[in-house]
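In the UniProt record's numbering, the protein residues as written are 1 to 493.
Each residue gets a CB set at the ideal place from its N, CA and C atoms; glycine is no exception.
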Amino acid sequence: MSTADFVVVANRLPVDRNTDGGGDGEWRRSPGGLVTALEPVMRRTEGAWVGWPGKPDLEFEPFDFDGMHLVPVALSAADVEDYYEGFSNDTIWPLYHDVIAAPRYRRNWWEAYQRVNRRFAEAAAAVAADGGTVWVQDYQLQLVPKMLRDMRPDLTIGYFHHIPFPAYGLYSQLPWRKQVLEGLLGADVIGFQRIADAGNFARAVRRQLRYETKASGIRVPAEGGGHRTALAKAFPISISTDDYIELAQRPDIQARAAEIREDLGNPKTVLLGVDRLDYTKGIRHRLKAFGELIEDGRVSVEDATLVQVASPSRERVESYVQLRDEIELTVARINGDHDTWGHSAIRYMHQAFPREEMVALYLAADIMLVTALRDGMNLVAKEYVASRIDNRGVLVLSEFAGAADELASAVRINPHDIDGMKDAIVRAIEMPAAEQGRRMRALRKRVREHDVEDWSRAFLDALASAARSNSPAHSAAGARAISTAATEAEHRA
Ligand code: G6P
């Protein structure tokens, strides 16, 4: 089997199996942001991607797709239930999002998490070239870095955590808190979205493992005696800004934006929410604020429509099933009380749309509402800003989303403060064009100057230098592969 100098390991492959037409189906690219983020590096390095094909019991040999070498890891129905729906999305996800929903600690889920993490680590170990670099992604695979280091001490290992890392007082609930920290510390570089996440992680390491930390470095006892340094640092993720700008410039997409407004009955103000249907996103809080504004008479249904796109997600996990019921009940109540024949208060879509349609929606929306109670980054906020090539529109942004650290010119809100959120929405509705322009230009500058290629370059540069200082002899090939990637990206920048 061929090996690769650069390997990405993520829970999902960048493709999924389209079985819509019946039969066995065919591969198609999945819409996720991570694919877009890593695809350029994958191509340049002829890298491999290890991941799950997204449905239970799909067993496939490694194959090439769109210039990427893909290595599927099959999960049985029981794996999906215990590792993915259970430990990943009913233990870690709620715990790491500040227990907005109650995490469930089940020992058989932990068993499955270890077992499946090992399988991912084994697949990566089998495909990585001697001295190569492996980049592990996200909370589903926190044990992979250490497992991989034990199997393949020659590798350079990076890990990026896409979601928040919680404060110590919450993290310490986890019955397996030491093992998870040790798992992550198998990496040479552990990347987080916010400085605060990296700080929470370092504190947990000090308290639980008593390792020394200094600036971003953590002194980790090395396998053969002595120590190595793991770097824990913030690398805020971004989007492929140019792709959004290009779409927003397309006449057909601009026409589609006008058509959407027309279809909504041409209200003066279109407000928009776009989220995976998840309790971390603050959709209920947003609906409550909007409903009260109508009730109070501060917003009229004739003048303002809220479009809420809630894409289906993790539909077999109980807390998601409940959330969907609550949201749909709330939408129906607000609409039932306030709709007129010509205008709806809320247009709710439990659907996912292609990127072209999303950009048309962004262009159609005067106000974008990002009201997350906790969110690693929130790329929707950045997508909205990138798409507003007209420098118009208002971003209302929760301070609990990672994006708030960078997007300082948004209208900031605390989504728990319903009155504050209502005032912010009214302010956004009434904001003069000049102020919209001033704010939007500042927001766009940030998103243009810091796109997803900068993100991967910054991470991989840090990884290459960490590898050089940790084990100069071993890391030659990997460092070569990734620093070439970084240099080429620089040339194009
Ligand atoms: C978040 C996570 C990703 C995950 C995505 C979709 O963004 O950070 O790791 O892939 O949600 O969730 P799903 O469970 O469908 O993969």
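Beta-carbon gap between residue i and residue j smaller than 7 Å
i, j, result
"Arg314", "Val426", "no"
"Val220", "Arg228", "yes"
"Ala4", "Ala125", "no"
"Val205", "Leu231", "no"
"Val41", "Val71", "no"
"Leu443", "Val385", "yes"
"Val15", "Arg29", "yes"
"Val317", "Asn18", "no"
"Thr156", "Ala467", "yes"
"Ser319", "Ala101", "yes"
"Ile327", "Ile283", "yes"
"Phe60", "Trp27", "no"
"Pro145", "Leu184", "yes"
"Arg91", "Arg104", "In the sequence as displayed, the identity of residue 91 is Thr instead of Arg. Cβ atoms of Thr91 and Arg104: closer than 7 Å."
"Arg374", "His69", "no"
"Val411", "Ala424", "yes"
"Arg355", "Glu406", "no"
8 Å Cβ shell around residue i - same chain, five flanking residues per side excluded
i, result
"Arg119", "Val73"
"Val380", "Val274, Asp275, Met368, Val370"
"Thr305", "Leu264, Gly265, Pro267, Thr269, Val270, Leu271, His343, Ser344, Ala345, Ile346, Arg347"
CB-CB length for residue i against residue j, believed under 8 Å
i, j, result
"Ile367", "Leu293", "Not confirmed; about 12 Å, so no contact."
"Gly21", "Arg43", "Rounded, the Cβ-Cβ distance is 29 Å, inconsistent with contact."
"Arg392", "Met358", "Between Met358 and Arg392 the Cβ distance is about 18 Å, and since that is not below 8 Å, they are no contact."
"Ala403", "Asn378", "5 Å"
"Leu148", "Val127", "Leu148 to Val127, Cβ: 11 Å. No contact."
"Trp52", "Phe87", "Not quite, the Cβ-Cβ distance comes to about 14 Å (not below 8 Å), so this is no contact."
"Arg448", "Thr241", "5 Å"
"Val452", "Ile239", "6 Å"
"Glu223", "Pro166", "The pair is not a contact, with the Cβ atoms about 29 Å apart (cut-off 8 Å)."
"Pro164", "Gly376", "5 Å"
"Pro56", "Ala37", "Rounded, the Cβ-Cβ distance is 26 Å, inconsistent with contact."
"Leu143", "Gln114", "6 Å"
Spatial neighbours of residue i in its chain, beta-carbon cut-off 7 Å, leaving aside the 5 residues before and after
i, result
"Lys422", "Ala289, Glu292, Leu293"
"Ala360", "Ile253, Arg256, Ala257, Ile260"
"Arg324", "Leu277"
"Val99", "Leu170"
"Leu141", "Val9, Asn11, Asn117, Phe120"
"Asn470", "Asp188, Arg228, Thr229"
"Ser311", "Arg276, Leu277, Gln351, Ala352"
"Asn414", "Glu399, Gly420"
"Asp339", "Val301, Ala345"
"Asp79", "Ala112, Val116"
"Tyr244", "Val359, Glu383, Ala386, Ser387"
"Gln436", "Arg392, Gly393, Val394"
"Ala485", "With a pLDDT of 47 at Ala485, under the threshold of 50, the modelled position of that residue is not reliable, and no figure is offered here."
"Leu95", "Pro103, Pro166, Leu170, Gln173, Leu174"
"Ala248", "Val359, Leu363, Ser387, Ile389"
"Trp176", "Trp110"
"Tyr211", "Val205, Ile218, Arg219, Val220"
Contact test: residue i Cβ vs ligand 1 heavy atom, cutoff 6 Å
i, result
"Ile163", "yes"
"Asp197", "no"
"Asp138", "yes"
Close Cβ partners of residue i (< 6 Å) along its chain, the five nearest in sequence each way excluded
i, result
"Lys281", "Asp275, Ala372"
"Tyr348", "Gln308, Val331"
"Ala234", "Phe192, Arg194, Ile195, Ala198"
"Gln137", "Ala10, Phe160"
"Arg203", "Tyr168"
"Gly265", "Gly342, His343"
"Pro62", "Val71"
"Lys178", "Gln208"
"Arg492", "Confidence at Arg492 is low in this model, with a pLDDT of 37, below 50, so the placement of that residue should be treated as unreliable; the coordinate-derived value is given next. Nothing meets the Cβ criterion."
"Glu85", "Arg316, Val317"
"Ser2", "none"
Q | 4 or more residues per run - each alpha helix (DSSP H) lying fully within the stretch 186-249 | A | 195-209, 241-249
Q | Entirely enclosed beta strand (DSSP E) segments - the stretch 39-65, minimum 3 residues | A | 48-52, 63-65
Q. What alpha helix (DSSP H) runs, 4 residues minimum, are completely inside the stretch 69-109?
A. 93-96
Q | Any alpha helix (DSSP H) of 4 or more consecutive residues that is wholly inside the stretch 374-426 | A | 379-387
Q: Let me know the beta strand (DSSP E) ranges lying completely inside the stretch 136-169, each 3 residues or longer, listed in chain order.
A: 156-160
Q: Run through the stretch 8-32 for me and flag every whole beta strand (DSSP E) of 3 or more residues, listed as ranges in chain order.
A: 15-18, 26-29
Q: Quick one: which unbroken alpha helix (DSSP H) runs of 4-plus residues sit fully inside the stretch 264-340? Chain order, please.
A: 283-295, 318-338
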